[in-house]
Ligand SMILES: Cc1cc2nc3c(=O)[nH]c(=O)nc-3n(C[C@H](O)[C@H](O)[C@H](O)COP(=O)(O)OP(=O)(O)OC[C@H]3O[C@@H](n4cnc5c(N)ncnc54)[C@H](O)[C@@H]3O)c2cc1C
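What follows is the structure, given as structure tokens:
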């Protein structure tokens with residue numbers, strides 16, 4: 014799946030313009046009100062951003078992974094809250110349905126996800142099951158032609174906006190093989206949301222707990238129609254998500270570098286621009302080199318992702334996606350730290366963009382698998398290959 018290169022260039026140029034002309038000027042409002050303005054969400058729908066990863070037959074734009082990464086790179090160059098509005102529809106919320114759903118499930122849900130009329134979240138994490146997701150406790154018990162689902166999901170991105178959840182619950186015994194994935198509509202009786210999480214950064218993004226008390230879900234909503242496959246679905250979805258987050262991290266590193274170069278050009282100390290001091294140039298140079306390394310890596314691995322059969326997990330490509338997430342999310346943390354340093358005291362003050370970005374990027378090393386989990390994936394695959 015991919016868009017022809019000429020049409021893709023037009024899309025990428027429109028996204029670039031949208032980021033520069035619409036999103037960057039709205040960053041302060043998002044920070045102040047902790048919300049993405051409704052007219053911007055409407056423009057995102059108009060641009061087709063909710064459906065970039067969904068095939069054209071379901072109303073999406075049908076980008077390849079490499080193309081999606083280029084769009085994520087552009088969206089990374091502004092406050093990450095904007096990307097978060099479309100992020101679960103592009104990635105972790107929709108991809109389980111696309112990869113493993115039945116034809117009926119795809120036809121029912123994907124067009125509304127692609128248009129942005131339905132926001133879909135991904136609900137895997139629980140209070141006692143984070144990195145060890147295979148130990149999740151939410152239970153789905155068969156009851157006639159339905160399942161009754163009870164349990165609690167934690168830190169679910171876009172839950173307050175969601176019309177449906179791709180939700181992992183235990184239908185069988187312990188471990189990964191007992192987990193199934195369901196499409197759970199948000200309005201069902203027994204489903205409630207916790208209070209909004211107050212986060213370190215990424216103001217404008219919305220996360221909260223999702224609580225389920227005997228929520229009656231039709232068996233037709235079991236993704237793929239077969240129990241016990243949900244953990245595999247979740248892992249495939251996360252593999253893909255890791256490349257998207259990696260591209261996003263590179264975009265944000267680019268923006269922080271631009272902010273830092275601009276500051277180094279105009280700020281004067283000791284009678285000259287701080288950008289003329291070689292110690293400041295060294296910080297800028299390290300940012301540039303690491304950004305280039307990260308972005309080259311993401312593009313190469315995304316092309317390998319596209320070369321494998323769609324929906325099939327390849328341990329080598331998964332390992333490489335983990336390498337990308339490990340490197341780029343740590344890299345943008347270092348770039349943000351240097352960005353603050355280059356800004357001096359101003360870098361610690363909220364009205365400067367780097368102060369916000371410094372807090373915003375901290376999350377990238379935590380969700381969709383922490384740095385340590387990426388190291389484990391990489392280490393295990395190396396040992397397996399040996
Ligand atoms: C803002 C936000 C949004 C999120 N959105 C979603 C979402 O939409 N859907 C969803 O399902 N989840 C979501 N999450 C959850 C996120 O994916 C988890 O927080 C993450 O996977 C880590 O799990 P944990 O928080 O339970 O940490 P823990 O698993 O408790 O980890 C704590 C520390 O221990 C380390 N650790 C754990 N196990 C090992 C090990 N075996 N070896 C070495 N170190 C280890 C970790 O790396 C970490 O440093 C979100 C989280 C946040 C903060």
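Residue numbers (this note's numbering): 14 to 399. Ideal Cβ placement from N, Cα and C applies to all residues, glycine included.
In this structure, does DSSP put residue 301 in helix, strand or coil?
-> It is helical.
Under 8 Å, do residue 106 and residue 135 count as touching if we go by C-beta distance?
-> Yes, they are a contact pair.
Residue 42 versus residue 58 - alpha carbon distance = Using only the alpha carbons, I get a separation of about 20 Å.
Which whole-angstrom value describes the C-beta separation of residue 137 and residue 71, a residue pair presumed to lie in contact below a C-beta threshold of 8 Å?
-> The beta-carbon separation of residue 137 and residue 71, rounded to 23 Å, does not stay under the 8 Å limit for a contact.
Can you give the Cα-Cα distance for residue 354 and residue 360, rounded to whole angstroms?
-> The straight-line gap separating the alpha-carbon atoms of residue 354 and residue 360 is approximately 7 Å.
Rounded separation between residue 394 and residue 341 - CA only = About 20 Å.
Terminal residues of the beta strand (DSSP E) in which residue 179 lies | Start and end: 177-183.
Per DSSP, what kind of secondary structure is residue 171 in: helix, strand or coil?
-> Coil, per DSSP.
Distance, residue 183 Cα to residue 103 Cα = Cα-Cα distance, rounded: 25 Å.
Supposed contact pair residue 212 and residue 171 - C-beta distance, whole angstroms, cut 8 Å = Here residue 171 is actually not in contact with residue 212; their C-beta atoms are around 13 Å apart, not less than 8 Å.
Residue 195 - partner residues in DSSP beta bridges = For residue 195, which the question treats as bridged, DSSP gives the partners 180, 235.
Is residue 298 buried or exposed, if buried means 16 or more other CB atoms sit within 10 Å of its CB?
-> Result: exposed.
Reference residue 15; option with closest CA among 35, 38, 65, 30 | The option with the nearest alpha carbon to residue 15 is 65.
Endpoints, the beta strand (DSSP E) within which residue 66 is located = Looking at the DSSP string, residue 66 is not in any beta strand (DSSP E), and its letter there is neither H nor E.
Inter-residue spacing [alpha-carbon to alpha-carbon] between residue 26 and residue 33 | Rounded to whole angstroms, the separation of the alpha carbons of residue 33 and residue 26 is 11 Å.
Residue 343: CB within 7 Å of a non-hydrogen atom of ligand 1 | It does not: the Cβ of residue 343 is nowhere closer than 7 Å to a heavy atom of ligand 1.
Residues bridged to residue 164 (per DSSP) | Residue pairing by DSSP puts residue 164 in a beta bridge opposite 225.
Contact set for residue 47: own chain, Cβ-Cβ below 7 Å, skip 5 residues either direction = Cβ within range, chain order: 216, 217.
Within 10 angstroms of the Cβ of residue 281, are there 16 or more other Cβ atoms? Answer buried if so, exposed if not.
-> Exposed.
Beta carbon of residue 236 nearer than 8 Å to that of residue 195 = The Cβ atoms of residue 236 and residue 195 lie closer than 8 Å to each other.
Measuring CA to CA, which of 214, 198, 147, 179 is closest to residue 188?
-> Ranked by how close their Cα comes to the Cα of residue 188, the residues 214, 198, 147, 179 have 147 in first place.
Per DSSP, residue 135 is paired with what?
-> Per DSSP, 179.
Taking 7 Å as the cut-off, is the CB of residue 185 close to at least one heavy atom of ligand 1?
-> It does not: the Cβ of residue 185 is nowhere closer than 7 Å to a heavy atom of ligand 1.
Find the nearest neighbour of residue 81 within the set 40, 56, 24, judged by alpha-carbon distance.
-> The shortest Cα separation from residue 81 among 40, 56, 24 belongs to 24.
Does ligand 1 have even one heavy atom less than 7 Å from the beta-carbon of residue 355?
-> No, since every heavy atom of ligand 1 falls outside the 7 Å radius drawn around the Cβ of residue 355.
Give the range of the alpha helix (DSSP H) segment to which residue 155 is assigned.
-> No alpha helix (DSSP H) contains residue 155, which is instead part of the beta strand (DSSP E) from 152-156.
Label residue 376 either buried or exposed according to how many other C-beta atoms from any shown protein chain fall within 10 Å of its C-beta, with 16 as the threshold for buried.
-> So residue 376 ends up on the buried side.
What are the boundary residues of the beta strand (DSSP E) that residue 149 is part of?
-> It is not in any beta strand (DSSP E) - residue 149 carries neither H nor E in the DSSP assignment.
When every heavy atom of ligand 1 is checked, does at least one fall within less than 7 Å of the C-beta of residue 168?
-> Yes, the Cβ of residue 168 comes within 7 Å of a heavy atom of ligand 1.
Which listed residue (186, 85, 250) has its alpha carbon closest to that of residue 257 | Checked all of 186, 85, 250; the closest Cα to residue 257 is 85.
Taking only the alpha-carbon atoms, compute the straight-line gap between residue 167 and residue 20 and give it to the nearest angstrom.
-> For residue 167 and residue 20, the distance between alpha carbons rounds to 39 Å.
Taking only the alpha-carbon atoms, compute the straight-line gap between residue 276 and residue 304 and give it to the nearest angstrom.
-> C-alpha separation (whole angstroms): 19 Å.
What residue from 251, 174, 326, 316 has the CA that sits closest to residue 208's CA?
-> Sorting 251, 174, 326, 316 by C-alpha distance to the C-alpha of residue 208 places 174 at the top.
Nearest to residue 399 by alpha carbon, out of 329, 18, 271?
-> In terms of CA proximity to residue 399, 329 leads the group 329, 18, 271.
Please indicate yes or no: does the CB of residue 385 lie closer than 7 Å to some heavy atom of ligand 1?
-> Yes - ligand 1 has a heavy atom lying nearer than 7 Å to the Cβ of residue 385.
Distance, Cα to Cα, residue 165 vs residue 223?
-> For residue 165 and residue 223, the distance between alpha carbons rounds to 6 Å.
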